[in-house]
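Numbering (my numbering), first residue to last: 1 to 230. Here's the structure we're looking at; comments come further down.
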């Protein structure tokens, strides 16, 4: 029921109505931004991902899951709150060995699963949309020692905004395919505040990269954080 009243359900429903899902080939590159080809690719999760167990929190239509399974021979699970997105992802990439998709809340999935992972990542997904003190602690418990967490979030200074000075969420908006906007709550931290949260649960930031739109570069659009479990 939670998923069906969320803006993400409306977003998925509009996508499916506009273009019914069908089988696709896996993308040749992993993306961390909404602009293709900007920034690093899958290498920030590890140089050799063959046979590694990886989890995506907020997988949407499954493009990055498919890339990792096809081109990096990774055993990767994509989790998304919205069942429509999971059905869409399975229609797109269910034929790819190593790619698995599951519907559910990211925090609940982490709490329920008995698996551990070599890497966990989020691309404009659950990180930043779920209370960090809860989600990051659950992620840490499911990462192996030395495991990698990588996540991209909207840059806190995009369009002249400023990073949060406290640990409270802010009101933001998600733009629907039909260009309407629906409100959401988002935690908008700079890299220092993310580092403080990660340090509390045993992770150390190894990189913080600002990504910019290739043509509209007045402000960075994406903050990409990589951290490793001690």
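In this text, a Cβ means the ideal position worked out from N, Cα and C, and glycines have one as well. A quick note: this is a predicted structure, and the numbers were derived from the prediction, not measured.
Skipping 5 residues on each side, what residues in its chain have a beta carbon closer than 8 Å to that of residue 172?
154, 183, 184, 185, 186 and 188
Nearest to residue 174 by alpha carbon, out of 144, 193, 132 and 125?
Checked all of 144, 193, 132 and 125; the closest Cα to residue 174 is 125.
Just reading off the beta strand (DSSP E) that residue 148 is part of, what are its end residues?
143 to 154
Helix, strand or coil for residue 52 per DSSP?
coil
Member of 54, 97, 195 and 221 whose CA lies at the smallest distance from the CA of residue 160:
221
To the nearest angstrom, how far is the alpha carbon of residue 96 from that of residue 134?
32 Å
Would you mind reading off the limits of the alpha helix (DSSP H) that contains residue 65?
63 to 71
Going by CA-CA distance only, name the one from 28, 202 and 64 that's closest to residue 141.
202
Residue of 58, 170, 40 and 73 minimising C-alpha distance to residue 51
Among 58, 170, 40 and 73, the Cα nearest to that of residue 51 is on 73.
Classify residue 196 as buried or exposed, calling it buried when 16 or more other Cβ atoms lie within 10 Å of its own Cβ.
exposed
Under a CB-based cut-off of 8 Å, is residue 193 close to chain B?
Here chain B cannot be found, since the structure has a single protein chain.
Helix, strand or coil for residue 201 per DSSP?
coil
Sequence-distant residues of its chain with Cβ nearer than 6 Å to residue 38 (five each side left out)
Residues of the same chain with a CB within less than 6 Å of the CB of residue 38, apart from the 5 flanking positions on each side, are 211 in chain order.
Please classify residue 146 as buried or exposed, where buried requires at least 16 neighbouring CB atoms within 10 angstroms.
exposed
Residue 91 - DSSP class collapsed to helix/strand/coil
Helix at residue 91.
Indicate the three-state DSSP secondary structure (helix, strand or coil) for residue 210 in the structure shown.
strand
So the alpha helix (DSSP H) residue 260 belongs to, where does it begin and stop?
In this structure the chain extends from 1 to 230, so residue 260 is not present and cannot be described.
Applying the criterion that 16 or more other CB atoms from any shown protein chain within 10 Å of the CB defines a buried residue, is residue 114 buried or exposed?
exposed
Answer yes or no: do residue 93 and residue 58 have a C-beta to C-beta separation smaller than 8 Å?
no
How far does the alpha helix (DSSP H) with residue 106 in it reach, from first residue to last?
106 to 112
Euclidean distance between Cα positions of residue 49 and residue 148:
11 Å
Where do the ends of the beta strand (DSSP E) carrying residue 170 lie?
170 to 175
Would residue 76 and residue 118 qualify as a contact pair, given that the criterion is a beta-carbon distance under 8 Å?
no
Excluding the five sequence neighbours on either side, which residues of its own chain have a C-beta within less than 6 Å of the C-beta of residue 69, listed in chain order?
Cβ neighbours of residue 69 beyond the five flanking positions: 76, 96, 98 and 99.
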